[in-house]
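First up is the structure itself, then whatever we jot down about it.
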Amino acid sequence: MKSGSNLEKVLDAGHFALTAELGPPNSASDEEVKHKMELLRGSADAFNITDCQTAVVRQSSISAAIMLKQGGMEPVMQMTTRDRNRIAIQADILGAAAFGIKNCLCIAGDHQSFSAAGRLNGHPGAKNVYDVDSIQLCAILKKMRDEGLQEGGDPIEEPPKLFIGAAWTPMGDPVDFRVARLAKKVAAGAQFIQTQGIYDVNQFAEVMKKVRNLGLHEKTAILAGVIVPKNAGMLRYMNASVAGVSVPAEMIKRFPRVKKDAPKEEKKAARLESQEIGKKISVELIEQVRDIEGVSGVHLQAIEWEKAVPGIVEAAGLLPRPQV
Amino acid sequence: MIVAESKPLAEVFGFIENYKRVLVLGCGECVTVCQSGGEKEVAVLAQALRLKAKTDGKEIEFLENTIRRQCEPEFVDPVLQDISDVDAIVSIACGVGVNFLAGRLGNVPVFPGVNTTFMGATVEHGIWAERCAGCGDCVLHLTGGICPIARCSKTILNGPCGGTNEGMCEISTEDNPVECGWALVVERMKALGTMDKLSEIVPPKDWSTSRDGGPRRMVREDLIIKKESPEEAKA
Numbered sequence: 045m046k047s048g049s050n051l052e053k054v055l056d057a058g059h060f061a062l063t064a065e066l067g068p069p070n071s072a073s074d075e076e077v078k079h080k081m082e083l084l085r086g087s088a089d090a091f092n093i094t095d096c097q098t099a100v101v102r103q104s105s106i107s108a109a110i111m112l113k114q115g116g117m118e119p120v121m122q123m124t125t126r127d128r129n130r131i132a133i134q135a136d137i138l139g140a141a142a143f144g145i146k147n148c149l150c151i152a153g154d155h156q157s158f159s160a161a162g163r164l165n166g167h168p169g170a171k172n173v174y175d176v177d178s179i180q181l182c183a184i185l186k187k188m189r190d191e192g193l194q195e196g197g198d199p200i201e202e203p204p205k206l207f208i209g210a211a212w213t214p215m216g217d218p219v220d221f222r223v224a225r226l227a228k229k230v231a232a233g234a235q236f237i238q239t240q241g242i243y244d245v246n247q248f249a250e251v252m253k254k255v256r257n258l259g260l261h262e263k264t265a266i267l268a269g270v271i272v273p274k275n276a277g278m279l280r281y282m283n284a285s286v287a288g289v290s291v292p293a294e295m296i297k298r299f300p301r302v303k304k305d306a307p308k309e310e311k312k313a314a315r316l317e318s319q320e321i322g323k324k325i326s327v328e329l330i331e332q333v334r335d336i337e338g339v340s341g342v343h344l345q346a347i348e349w350e351k352a353v354p355g356i357v358e359a360a361g362l363l364p365r366p367q368v
Numbered sequence: 032m033i034v035a036e037s038k039p040l041a042e043v044f045g046f047i048e049n050y051k052r053v054l055v056l057g058c059g060e061c062v063t064v065c066q067s068g069g070e071k072e073v074a075v076l077a078q079a080l081r082l083k084a085k086t087d088g089k090e091i092e093f094l095e096n097t098i099r100r101q102c103e104p105e106f107v108d109p110v111l112q113d114i115s116d117v118d119a120i121v122s123i124a125c126g127v128g129v130n131f132l133a134g135r136l137g138n139v140p141v142f143p144g145v146n147t148t149f150m151g152a153t154v155e156h157g158i159w160a161e162r163c164a165g166c167g168d169c170v171l172h173l174t175g176g177i178c179p180i181a182r183c184s185k186t187i188l189n190g191p192c193g194g195t196n197e198g199m200c201e202i203s204t205e206d207n208p209v210e211c212g213w214a215l216v217v218e219r220m221k222a223l224g225t226m227d228k229l230s231e232i233v234p235p236k237d238w239s240t241s242r243d244g245g246p247r248r249m250v251r252e253d254l255i256i257k258k259e260s261p262e263e264a265k266a
C-alpha cells in the first residue's frame with residue numbers, strides 16, 4: 045500500500061474496481077463541478093478529472109480534484125506533460141498532495157493543434173512543453189514518493205503519498221510494440237492503467253494474452269476503458285478518427301437510422317433510442333471485459349453525459365461500490 | 032541544410048518601401064539548395080520589388096548580389112565594403128545570415144526576406160522535411176538514426192504516444208501529413224534487430240544544451256588566434 049487512496053485499497057482488497065470521468069467546465073464558477081459531483085456520487089471508486097482534454101482550456105484538473113476531495117469524493121487527478129515542465133509538475137504534485145489528493149494519471153496529452161477543432165479557436169499557436177514524457181512522469185512521481193527526492197535530486201521535506209496511473213492504447217499503431225510500451229510504464233512506476241476505449245472485445249482479449257504472458261497484469265491494475273456511445277455517429281467518428289479505437293460494424297448497426305428530413309418527433313425518438321442502446325452496449329462491454337483474465341476494473345467515460353453513469357453501473361451489477 | 036521559405040512580397044516590400052537604394056542579398060548555400068534565397072531567387076525578388084515600387088509610385092533602386100555564405104566574415108566583409116550608399120538590405124539568407132549581416136553593419140538596416148524554419152533534408156525534389164532540432168545532446172544512437180526530438184511532435188523519448196494512426200502523427204491533416212517519428216523508429220529498430228533496446232527507459236532530457244539553456248556558442252581554444260597585447264606589440 046503506497047498511498048492509502050480508496051482506489052488503491054479497493055484494488056488491493058481484490059475487488060473489481062471502477063473509475064468514472066468528470067469533465068470540468070469552461071467557467072470560473074464551482075457550480076458545474078459541484079453539480080456533476082452529485083450526479084456521480086457513489087457510482088465509482090474514484091473519479092478522473094480531465095486535464096485540458098484535446099488541449100482545450102477548462103478549469104484545471106487539480107482545482108476540480110480539490111473540490112471533489114473536500115466534497116467527500118475521491119479524485120484521480122490527470123496531469124499532462126504538454127502544458128507543464130518538470131518544475132511545475134512537481135510543484136503541482138506537492139500542492140495536490142497537500143490537499144490529500146493521491147491518485148494521479150500521467151499522460152503526455154493531445155497536441156495543442158487539437159484545440160482548434162470544429163468551431164473552436166483554441167490555442168493552436170501555443171508553445172507546448174513536453175519537457176518530460178508520460179513514462180518519465182511516472183518515474184518522477186515514483187522518485188518523489190519512494191525516495192523523497194525531486195527529479196533533480198534535491199530532498200523533499202515530506203514526500204507525497206501517490207497512487208500512480210498511466211494510460212494505455214492496447215490496439216494503437218504500431219500494435220506490435222504496445223505491450224512492450226505497457227511494460228515500460230509499469231517499470232517506470234505505473235500502478236494502475238486506464239486504457240483507451242474498447243469496443244472490439246475480442247481484439248482486446250488477444251492483446252491481454254500477451255500482457256498475461258509477461259505477467260504485467262500482476263504488476264499493475266488494468267482498468268479497461270469503456271466510452272459510452274451516445275449514437276452511431278459518435279462510434280463512426282471514433283472508429284475513423286481516434287487512434288487505437290476500432291468499432292465492430294455490427295455494433296454501429298444496432299443504432300436506429302433516421303433520414304435527414306425526418307420529422308422532429310421521429311428524430312427525437314431516435315435520439316432517445318440511441319441513448320438507451322448506448323447505455324446497454326456499455327453494460328455489455330463492462331460485463332465482457334470483466335470476464336477477461338487480467339482486467340482489474342473498468343474506467344467508464346460518459347463524455348458530457350455524467351448523469352448516465354449511475355444507471356449503467358447499476359445495470360452492470362457494480363453497485364454498491366465496496367467500502368474498504 | 033537550413034530550410035527557409037520566401038516571405039510574402041507585400042510583407043518584404045513593407046520593410047523597405049521608404050528607402051531609396053536597397054540591396055537584395057542572396058546566399059549560395061542552404062537557401063540555394065531549397066530554392067528560396069539563391070542567385071535565381073535574388074533576381075526574381077528584386078524584379079518583383081521593382082514592379083511593386085513602380086505600381087505604388089515609389090522610386091527605389093534595387094541592387095542584386097549573392098555571396099557564397101552569409102554566416103562568415105570571409106564572404107560577408109568584401110561585400111560590405113562595397114555598399115556605402117545602400118540604405119537598406121533585404122537578405123534572403125537564413126536567419127543566421129540576417130543576424131550576421133546586421134551585426135557586421137550596425138548602421139544599415141537588414142531585413143529578412145525569408146522565414147527560416149528548420150534543419151532538414153531533401154525528401155524528394157521540391158520537398159524538404161525537418162530532421163534535426165539542434166538539441167545539443169544527440170540521441171540518434173538510441174533510435175536507429177531517427178530523431179525523436181525533431182520528428183516527434185511531442186519530443187517523446189519513450190514513444191510512441193497513443194495518438195499514432197496508421198503510421199501518421201495525430202497532428203496530421205490532408206494538407207500537412209506528418210509521419211509518426213516513433214512508428215518509424217520502431218520499424219527501423221525492428222529492421223536492425225535492436226527492438227529490445229526500446230524497452231530501456233530513457234530518462235528526462237537535459238534540455239540545457241538546447242535552446243532552453245539560452246543562446247549557445249561553441250569555442251575551440253585550439254583554433255582561436257591569440258591577439259597581441261599592446262605590451263607584446265611594443266616589445
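Residue numbers (our numbering), protein chains in the order written: chain A, 45 to 368; chain B, 32 to 266. The C-beta atom is built at its ideal place from N, Cα and C for all residues, glycine as well.
The contact set of N196 of chain B on chain A, defined by CB atoms closer than 9 Å, consists of G216, D217, S285, V286, A287 and G288 in chain order. When DSSP assignments are scanned along the stretch 111 to 165 of chain B, the uninterrupted stretches of alpha helix (DSSP H) that are 4 or more residues long and fall wholly within it turn out to be 126 to 136. Chain order gives the chain A residues near S230 of chain B as A224, A227 and K228, where near means a beta carbon separation below 7 Å.
Collapsing the DSSP output to three states places Q238 of chain A in a strand. Under the 10 Å beta carbon count, V251 of chain A is surrounded by 16 or more other beta carbons and is classified as buried.
Put simply, of A:S47, A:A211 and A:L164 the residue whose alpha carbon is nearest the alpha carbon of T125 of chain A is A:A211.
In this structure the stretch 152 to 169 of chain B does not touch the stretch 106 to 120 of chain B; the number of beta carbon pairs closer than 8 Å is below three. The beta carbons of V353 of chain A and G322 of chain A sit no closer together than 9 Å. By the Cβ neighbour-count rule, T147 of chain B is buried, with 16 or more other Cβ atoms within 10 Å of its own. For R280 of chain A, the uninterrupted alpha helix (DSSP H) segment begins and ends at A276 to S285. Taking the Cα of L56 of chain B as reference, the smallest distance to any Cα among B:W213, B:F149, B:F142 and B:E262 is reached at B:F142. Scanning the stretch 182 to 245 of chain A for uninterrupted alpha helix (DSSP H) segments of 4 residues or longer gives 222 to 232, listed from N- to C-terminal end. When secondary structure is reduced to three states using DSSP, H343 of chain A falls in the strand class. Each of A:P168, A:L181 and A:A227 was checked against the Cα of A99 of chain A, and the nearest Cα belongs to A:P168. Contact between the stretch 43 to 52 of chain B and the stretch 331 to 345 of chain A is absent, with fewer than three C-beta pairs closer than 8 Å. With respect to the 9 Å criterion, M150 of chain B and M32 of chain B are classified as neighbours on the basis of their beta carbons.
Comparing C-alpha distances from D95 of chain A to each of A:A141, A:H59, A:G153 and A:I296 shows the shortest one belongs to A:G153. Scanning chain A for C-beta atoms nearer than 7 Å to the C-beta of L173 of chain B yields nothing, as the closest lies near 13 Å away. By the C-beta density criterion, E42 of chain B is exposed, having fewer than 16 other C-beta atoms within 10 angstroms.
At a beta-carbon threshold of 7 Å, the residues of chain B lying near A211 of chain A are G193, ordered along the chain. At least one CB of chain A lies nearer than 9 Å to the CB of C211 of chain B. Excluding residues up to 5 positions away in sequence, G67 lie with their Cβ nearer than 8 Å to the Cβ of E348 of chain A in the same chain.
Taken through DSSP and simplified to helix, strand or coil, C61 of chain B comes out as helix. Under DSSP, A249 of chain A forms no beta bridge with any residue.
Scanning its chain for C-beta atoms nearer than 6 Å, with the 5 sequence neighbours on each side dropped, one finds around L149 of chain A the residues V120, Q122 and G209, in chain order.
Of all residues in the stretch 166 to 190 of chain A, the ones placed with a Cβ closer than 8 Å to any Cβ belonging to chain B are N172, Y174, D175, V176, D177, S178, I179, Q180, A183 and I184, in chain order.
Residues of chain B with a Cβ closer than 9 Å to the Cβ of R130 of chain A are, in chain order, P235. Taking a Cβ-Cβ threshold of 9 Å, the residues of chain A close to T186 of chain B are N172, Y174, D175 and D177, in chain order. DSSP places V53 of chain B within a strand segment (E or B) once states are collapsed to three. Within the stretch 150 to 164 of chain B, contact with chain A at the beta-carbon level (separation under 7 Å) is assigned to no residue. Comparing alpha-carbon positions, the option among A:D89, A:D244, A:F143 and A:G259 lying closest to A61 of chain A turns out to be A:D89.
In terms of Cα proximity to L185 of chain A, the closest of A:K308, A:T264 and A:F207 is A:F207. Taking C-beta separations shorter than 7 Å and ignoring five residues to either side along the sequence, the partners of E95 of chain B in its chain run V55, V73, A74 and A77, following chain order.
By the Cβ rule, the stretch 187 to 204 of chain B counts as touching the stretch 171 to 180 of chain A, because three or more pairs are nearer than 8 Å. In this structure, S37 of chain B keeps its C-beta atom at 9 Å or more from the C-beta atom of V127 of chain B. Looking at the DSSP output, A160 of chain A sits in no beta bridge, so it has no partner there.
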